[in-house]
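A short worksheet on the structure shown next.
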Amino acid sequence: MDAFYASVELLRHPELKGVPLVIGGRRAEGSALAPHFGALRLREYLGRGVVTTCTYEVRALGVHSGMGLMKAARYAPEALLLPPSFEAYRHYSRLFKEAVATVTQAIEDRGIDEIYLEFSDSDGEARVLGQRLKNTVKDATGLSCSLGIGPNKLLAKIASDLEKPDGLTVLALADVPDRLWPLPVGKINGVGPKVQARLAALGIVTIGDLAHARGDLLETTFGPRVGQWLADCAQGRDDRPLSTDTEPKSLSRETTFEQDLDARRDRPALSQILATLCDRLAADLIQKGHKGRTIGIKLRYADFRTVTRDHTLAQPTADAALIKAAARDCLKRVPFNQKLRLLGVRVGTLCPANPESRAFSPQRELPF
DNA sequence: TCTGGGGTCCTAGGACCC
DNA sequence: TCTGGGGTCCTAGGACCC
């Protein structure tokens, strides 16, 4: 989906059409002073937070997802900052996925605004099918999407990125030298900043460079698995199947504090935050019908270093008090020689709270 | 006043077992 | 007086993605 959160906000507030929009920051406080539903001009914003998404005209100024809001304000001071409304986004996410499900049931969920789907069994020309799909999504949601079509997930994903927004791009294996090789290696899903930097150190910047690298160079640098994977990507090869498995592996809740907290001086506040996180996590587990055996905590220090501790119980649980007790045990194993900026709680090794209900459930329904 | 929140997957070492 | 070769589970950290 194109600039998904920002596009949903424009649907909800059509009077903001043409206004540069940034979605991000915290849930609005002091919003009575703001002109629009808690919105501020970006330059007026003070505090922690990142850009969750923004409209394309704001991106053109150099702002991107994940950028700190204070930094984004230097590029786009006049942009309107809206706090995210996740319930609305989940609503439109459901609408778009349900619309796609009327065309094919072979859907892999990749988050709130993205899916892979398989057309192999369908008749018809790819571009025609793609346009029909885009129309279906537009009719159901009023939103545009960018669609990539290819012989595998690697090429479909790269294709989907080539003509944003409102794109429809077909990439065949024969197009790899002309259309894939000029692109930077970072366009490969799974090649992030670290791998990109290590490749750059070898003089490999584009996917074409990757295609022409000696196989043993990649394997000695990255190991046999990653080396082979990179070489395959450069040839447009990818045999990963569509994954329709939707059982979650873990559930977590975390929060970054308004100001860094001291483990001793701010102990009551931290204790309250931990309790709230555990309560929310337990409520979410119960609502989704899961339990979990591995309870973990996550701390981020003032210098942004992150540590985790976890503990596996004999029996799975969704009980807030048991989660809290395990989390406190984990916290005892962490050094507190610095202020803290984030605390999180996680439950992993999930299983159904009520196994029979699944064993006997007939056909699994779509998860959205 | 740099740097959110929710996920997945991989690696690697140690415990423990056969 | 030198110590195998699996396998699984647990824990911690890190890369990456949306």
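Here numbering that gives the first Met the number 0 is used: the first residue of the first sequence is 0, the next is one more, and so on.
We put the CB at the ideal spot given by N, CA and C, even for glycine.
- Assignment of Ile111 by DSSP, reduced to helix, strand and coil, places it in the coil class.
- In terms of CA proximity to Thr54, Leu80 leads the group Gly67, Arg73, Leu45, Leu80.
- Among the bridge pairs identified by DSSP, Asp309 is matched with Gly295.
- Under the DSSP assignment, Ser251 falls in the beta strand (DSSP E) whose first and last residues are 249-260.
- Between the C-alpha atoms of Val225 and Gly214 there is a straight-line separation of about 11 Å.
- Under the three-state reduction of DSSP, Val190 is assigned to coil, being neither helix nor strand.
- DSSP places Leu330 in the uninterrupted alpha helix (DSSP H) bounded by 319-330.
- Secondary-structure assignment with DSSP links Pro351 through a beta bridge to His289.
- In this chain, the beta strand (DSSP E) harbouring Ile148 covers 146-148.
- Note on Val21: 16 or more other CB atoms within 10 angstroms of its CB, so buried under the neighbour-count rule.
- With a contact defined as Cβ atoms closer than 8 Å, Leu250 and Ile206 miss out at about 36 Å.
- Phe95 and Ala75 have their C-alpha atoms roughly 30 Å apart.
- If the five residues before and after Gly347 are omitted, its C-beta is found closer than 6 Å to the C-beta atoms of Ser249, Gly291, Thr293, all from its own chain and listed in chain order.
- By the beta-carbon neighbour count (other beta carbons within 10 angstroms, threshold 16), Gly129 is buried.
- Met69 and Gly24 have their C-alpha atoms spaced approximately 10 Å apart.
- In this structure, DSSP gives Leu128 a helical state, which the three-state scheme calls helix.
- A contact between stretches requires three or more CB pairs, one per stretch, nearer than 8 Å, and the stretch 320-336 meets this requirement with the stretch 271-284.
- Only residues of its own chain outside the window of five on either side were considered, and among them Val7, Thr140 have a CB closer than 6 Å to the CB of Tyr91, listed in chain order.
- Classified as exposed, His63 has fewer than 16 neighbouring CB atoms from the shown chains inside 10 Å of its CB.
- Closest in C-alpha terms to Ala78, from the list Val57, Ser84, Tyr88, comes Val57.
- Annotation for Thr220: the continuous alpha helix (DSSP H) segment containing it runs 214-233.
- In the structure shown, the three-state DSSP call for Arg11 is helix.
- Per DSSP, the beta-bridge partners of Arg345 are Ser251, Gly295.
- Relative to Leu60, the option among Gly48, Arg73, Arg11 whose CA is nearest is Arg73.
- Looking at the DSSP output, Tyr300 shares a beta bridge with Leu339.
- For Pro13, the number of other beta carbons within 10 angstroms of its own is below 16, and it is reported as exposed.
- Gly235 sits close to Leu172, with the two beta carbons spaced by under 8 Å.
- Counting only residues of its own chain and dropping the five nearest sequence neighbours on each side, Asp165 has a CB closer than 7 Å to the CB of Asp1, Ser143, Ser145.
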